[in-house]
Structure formats: structure tokens, C-alpha cells
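Reading through the C-alpha cells given below for one structure.
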Amino acid sequence: MSTALPDRFGRFLICLLALAGWAGTAAAQTAAQEVEVVFSQVRVSSGEASLEVEFADGTTLEAGFADGEVRVDGSVLGSHEPGGALERSWRALLGEAVSAENGELAGLLAAWTPPDDLSGDEAAVARTLRERLGAALDRAHIADPAQPRTVHPALSPDGELASFLADLSRDSDRLVLVSRGLAEMGMEGITLHLGEDVRIEAGDATPGSVVIVDGELFLEGTVGGDALLVDARLEAGEQGRIDGTLLHARSTLPEEFSALATGVRELELPTPPAPEPAPTRARAPSPPSSPGVFVSTLRSVGSGLMGLLRTGIWFLVLLGIGAAAVHFAPRNMDTIARTAARSPGYSTLVGMAALFLTLPVYILGIIVLTISVVGILALPVWAILFPLVATLATAVGLAAVAWNLGGWYAARNPSQGLDEERPIPLMAAGLLFLLLAFFAAHLLGMGGSFLSFFRGVFLATGILAITGTGIVGLGAVLLSWGGRDDGYARQDREPHAPPPPSAGPRATPGFGREGGHEPA
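Following this line, the structure appears as C-alpha cells:
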């Protein structure tokens, strides 16, 4: 289709291009009525609303809303508000499409318009979606050569111009390119051609400018003005020439096209504004990824070895305290051990009382010394020595009970080679017996979380054993007044002065084969 643009319409052409949107909508509806739909499928769910259409010429259209995005033929047009006005309007269209016949579906697509009260970004997405729907209908309509082009109502006294603008408005990108080109051309004597081939023979010349959209220009003669080619193809002969400027966009030009015209310029679409980034929701921190099997196993083995090392250090510390007590105060240590062995009930009661009264007595002593004038000088000594003495008394009592355990084991297992008259080996055996649960717990800890339950059981057993032994030992220390009174160390509880070390084994019953403990 071609039409000459008179001078009186040239200055109003840009205004007519803006008004051509109304004609484009009418054109899309008319073309849609002529498009035959052979297959359609609607998919609607809580997170998706999409439509797939196949036309008679084999072209397809797939458009829909899913996961907050608008997609057409696999490409993402932009994002939308889930459940917003645009999505509700689209779902309403799909609701009508479900019950519509294939012949009516094209008309529904052509007539659909997005809501007017959309935000900036969502409105741009809606316009693009509307244009892509119209372009798909237009392709299906034009692909069938039997379908004639539609002549639309005139927008001006020149009905051919109105028809040209209406057909052109089906493709928004093409409309923009043509309008930009016309804005740069001279406005006198423009001839418009849409969807047709133009041939200018050798020796012929057009008096004005030429606009060719979706066609071919065979140029053997001269174009007296400018030439605008959009989606077109140019073939030029030896005498072909353009006196003005060659404006082209999305067109195929010969290799030497720059020599055909006074000036050459390629038109481009304006760059769309970058969409604003969607607000991101604060996500909960992801749980740290679990380490690998090798790292986890290595960590468990390392933790178990450190536990064994700590338990071994405690064993050496307690054994050292007990050995020092036996070396520097053998009779006192022997009396404490016999008191714990002969009066375990009294020792337990006294030890528990001391355990509950230690902290109150410590605090009360600090208060008394603080409020007294003379006692303020002894306050640092009390604050340091009282916890130290209480801890040392508990450790000595625990070592004494361990001595008893070692003697009990040696008396029942004489084949083990433990000398019942040597307290240090017996004390070491008793401490190993008390700490055995801790050693087992740390060994099980090397097996990882699979054995964590059994590790916990052994740890609890070890804590109970050490706590109970410490209570009995502390009670024995207090009950025997630090080993100076053996009244509770004999079964008859009668005062009895211990014989000197040179007197040999005591007559007081003990764990030894001959009587009481004999210090080394």
C-alpha cells in the first residue's frame, strides 16, 4: 500500500502517528477476526496463569504469568505484583478463553487491554505484553497471503494515510522507527509505501522523499529527496542515486550503499530505562553446611585425645597431692584413710554438710573481717587461703579414699603384684579406678555422634564417682581433724594412739594382710 503525503499533512504527521494507536487497536481486532486458531491450551494454578496458542499458519504464541514474572515465548518481559490488578486482568482473560471457541480466542486476545491504574514498571510490562500479543496476531495474519490488508476509517481527509498509520501501529517498534525517521526528513512530497515493492527505473526521478516499510526498493533512477527504509531491502543499479539522506533501520542494504546518497544514517530504538531492582526480602541465615565425613571424624578424634590428656593431667595432679601427703604426713594420711574406711557414713554426712556450708562460711568470714578494724588486714589472707585449704582438703581426702580402693583391689587380686604396704601404687590404682569412666567416655567420643549417648552415660558415672569420693574424703579429713584424731578410724571408736612407724604393722584392722596401712 502506498500513499503520497501532501504538504498540508506533512507538518501534522507526527501528531497523526501519536493518534494512530486507536487505529492500530481497531486493526488488530479486525485482523484477529481473520486469524484462525487451531490449538489452544490454558494453564491456571495458584502460581501460574499461562496461555499457549497455535495459529493455522504454524506460528505459535505462549504467554503467561509465573513466579512473579511475565513471559512471552520464553523471554521475560519483567516482573509484576502477584495478585495485583495486572494479574487479575490476565486471569479474567484466560477465564474467557477457556470457554471461547478457537475462532473467538483471537478476538479476545486482540481486545484485551491492561488496567490503567498500574505503577510505572508494571505499566511498561503491560504495554510490552499488549504489543507482543498484537505482533503475534499480526504475524499470523500477514503470514497468510490470502488475507487482504484491512482498510481502516480515515483519520484525516486522506483515507490512505489513515490506513497506512493504522497498519503501521501494529508493531510498536516499527512505529517508533518510522516516526523518528519522519521527524528528520523533509516534509514535502513524501510518498508512503507499506508492505509493497517500489521500482524506480533508470532515467526516472521522484519529486520528493520516499518511505518504504516492509518492502523492497529497486533503485535504478533517482530519489529527489530523502529515503526512509524500515524493515526493507534496497537494491541499487549503476545510475541509482538518492539526492537527500538515506535513513534506514533493520534493513538490508548493498555493499556500496554509502555512495548512493548524500548522507547515510541508521536509526535505532531508544534505550528503555533500566527497571528498578525489586526489593529483596531479608532471608533467614542459612544453616551452616555440615562438615565432611573426614573432617567430622578428625574433629571427634582430636576432641577425644584432648579429653584423655586432660583426664591424665588430673590423675597426675591428684596422685602428686596424695604422694606429698603420704611423704610429709604419713600418720595423718593413714588416719584419714582409715577414718573413711571405718566410718564412711559419718564421713559422708560431714562431707555433705561441709559442701553446703563452705560458701556461706567463706562469705560470712569476708563480711566479718571487712567490718572489723583489725580483721581488714587479714581479709586478703582469708580470701586466698580459705578456698585453697578447702580444695586441698578435698583433694587429700579423695587421694585417701583412692588409697583404700587400691588396697581393696590388691587384697582381692594378689596376683597383680601390688604391694599392700606401699601406698603410692595403691593410690595410683584407686585413682585409675575412679577416673576410668572419664577415660572410657573420651574414648567413645572418638566415635562421633553415633556413640554420644554412651559417652554421656560414662561422663555422668565419672562425675558421680568423683563427687561422691570427694565428699567422703572431705568428711574424713574433717572428722579426723586432719588425721590427728583416729577415734573414728577404729571399729570400737575408742581413743587409740598410733604406734611409731618403727613398731611395724598396726594392730588396728585395715586393708592389709597384717593390719593397717604402712606408709612407704
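FYI, in the numbering used here the residues of the sequence shown are 16 to 535.
C-beta atoms are modelled at their ideal positions from N, C-alpha and C, and glycine is treated no differently.
Note that this is a predicted model, so its numbers are computed, not measured.
Return the chain-ordered list of same chain residues with a C-beta closer than 8 Å to the C-beta of residue i, the five sequence neighbours on each side being excluded.
{"i": "Ser-104", "result": "Trp-127, Pro-129, Pro-130"}
{"i": "Ser-266", "result": "Leu-244, Val-245, Asp-246, Ala-247, Arg-248, Leu-249"}
Leaving out five residues before and five after residue i in sequence, what residues of the same chain have Cβ atoms less than 7 Å from its Cβ?
{"i": "Ile-157", "result": "Bear in mind that a pLDDT of 48 at Ile-157, under 50, signals an unreliable position, so the number given afterwards is only what the model happens to contain. Excluding residues within five positions, none has a Cβ falling inside 7 Å."}
{"i": "Ile-486", "result": "Thr-363, Gly-366, Met-367, Leu-370"}
{"i": "Phe-454", "result": "Leu-323, Thr-326"}
{"i": "Ala-3", "result": "Given a span of 16 to 535 for the chain in the structure shown, any question on residue 3 remains unanswerable."}
{"i": "Arg-189", "result": "Leu-183, Val-228, Val-245, Asp-246"}
Are the CB atoms of residue i and residue j nearer to each other than 9 Å?
{"i": "Gly-218", "j": "Gly-236", "result": "yes"}
{"i": "Gly-414", "j": "Leu-333", "result": "First, the amino acid is wrong: residue 414 is Ala here, not Gly. Against a cut-off of 9 Å, the Cβ pair of Leu-333 and Ala-414 comes out as a contact."}
{"i": "Ser-315", "j": "Gly-460", "result": "yes"}
{"i": "Gly-442", "j": "Val-341", "result": "Before going on, a small fix: residue 442 reads as Met here, not Gly. Yes, the Cβ-Cβ distance between Met-442 and Val-341 is below 9 Å."}
{"i": "His-208", "j": "Val-191", "result": "no"}
{"i": "Val-57", "j": "Glu-69", "result": "no"}
{"i": "Ala-544", "j": "Leu-479", "result": "Not covered by the structure: residue 544. The range shown for the chain is 16 to 535."}
{"i": "Ala-100", "j": "Leu-133", "result": "yes"}
{"i": "Leu-5", "j": "Gly-196", "result": "Outside the modelled stretch of the chain, which goes from 16 to 535, sits residue 5, for which no answer is possible."}
{"i": "Ala-405", "j": "Thr-373", "result": "yes"}
{"i": "Leu-449", "j": "Thr-484", "result": "yes"}
{"i": "Glu-96", "j": "Glu-102", "result": "yes"}
{"i": "Ile-205", "j": "Gly-255", "result": "no"}
{"i": "Val-238", "j": "Asp-258", "result": "yes"}
{"i": "Ile-381", "j": "Leu-392", "result": "no"}
{"i": "Ser-187", "j": "Glu-146", "result": "yes"}
{"i": "Leu-144", "j": "Leu-109", "result": "no"}
{"i": "Gly-422", "j": "Gly-445", "result": "yes"}
{"i": "Phe-401", "j": "Tyr-377", "result": "yes"}
{"i": "Glu-271", "j": "Ala-242", "result": "no"}
{"i": "Leu-262", "j": "Leu-275", "result": "no"}
{"i": "Tyr-361", "j": "Leu-494", "result": "yes"}
{"i": "Val-59", "j": "Ser-94", "result": "no"}
{"i": "Gly-497", "j": "Ala-408", "result": "yes"}
{"i": "Asp-82", "j": "Gly-98", "result": "no"}
{"i": "Glu-253", "j": "Gly-230", "result": "no"}
Kindly list the residues whose CB is nearer than 6 Å to the CB of residue i, restricted to its own chain and excluding five residues on each side of it in sequence; keep chain order.
{"i": "Ala-78", "result": "Leu-66, Val-87"}
{"i": "Gly-412", "result": "Gly-488, Leu-489, Ala-491, Val-492"}
{"i": "Ser-273", "result": "Val-279"}
{"i": "Ser-305", "result": "At Ser-305, the pLDDT of 49 sits below 50, so the modelled position is not reliable and the matter cannot be decided from this model."}
{"i": "Leu-232", "result": "Val-213, Leu-249"}
{"i": "Ala-47", "result": "Confidence at Ala-47 is low in this model, with a pLDDT of 45, below 50, so the placement of that residue should be treated as unreliable; the coordinate-derived value is given next. Excluding sequence neighbours, Ala-47 sits near Ala-121, Gly-122, Ala-125, Leu-152."}
{"i": "Gly-337", "result": "Ala-414, Met-442"}
{"i": "Pro-285", "result": "none"}
{"i": "Asp-159", "result": "Here Asp-159 scores only 45 on pLDDT, less than 50, and its place in the model is too uncertain to base an answer on."}
{"i": "Phe-54", "result": "Glu-69"}
{"i": "Leu-76", "result": "Val-68, Ala-151"}
{"i": "Phe-469", "result": "Leu-459"}
Could you tell me the boundaries of the beta strand (DSSP E) in which residue i lies?
{"i": "Phe-80", "result": "75 to 81"}
{"i": "His-457", "result": "Taken as a continuous stretch (DSSP letters only), His-457 belongs to no beta strand (DSSP E), being part of the alpha helix (DSSP H) at 438 to 460."}
{"i": "Arg-314", "result": "That residue, Arg-314, is in no beta strand (DSSP E); its alpha helix (DSSP H) goes 308 to 343."}
{"i": "Gly-278", "result": "276 to 281"}
For the alpha helix (DSSP H) holding residue i, just list the boundary residues, first then last.
{"i": "Ser-194", "result": "187 to 199"}
{"i": "Asp-72", "result": "No alpha helix (DSSP H) contains Asp-72, which DSSP labels as neither H nor E."}
{"i": "Val-404", "result": "390 to 427"}
{"i": "Arg-58", "result": "Unbroken run through Arg-58 is the beta strand (DSSP E), 52 to 59; no alpha helix (DSSP H)."}
{"i": "Tyr-361", "result": "359 to 386"}
{"i": "Ala-475", "result": "467 to 494"}
Kindly say whether residue i, judged by its beta-carbon, lies nearer than 9 Å to any beta-carbon of chain C.
{"i": "Gly-83", "result": "Among the chains of the structure shown, chain C does not appear; only one protein chain is present."}
Any heavy atom of the ligand FMN closer than 8 Å to the beta-carbon of residue i?
{"i": "Val-316", "result": "Of ligands this structure carries none, so the ligand FMN is not represented either."}
- Message: I'd like the ranges of any beta strand (DSSP E) spanning at least 3 consecutive residues and lying wholly in the region 79 to 145.
- Response: With a minimum length of 3 residues, the unbroken runs of beta strand (DSSP E) contained wholly in the region 79 to 145 fall at 84 to 87, 90 to 94.
- Complete beta strand (DSSP E) runs within the region 210 to 285 (minimum length 3 residues, chain order): Runs found: 213 to 215, 225 to 228, 231 to 234, 242 to 245, 248 to 251, 256 to 264, 276 to 281.
- Query: Okay, do the region 416 to 424 and the region 343 to 361 touch, 3+ Cβ pairs below 8 Å being the bar?
  - Reply: Under the three-pair Cβ rule at 8 Å, the region 416 to 424 counts as touching the region 343 to 361.
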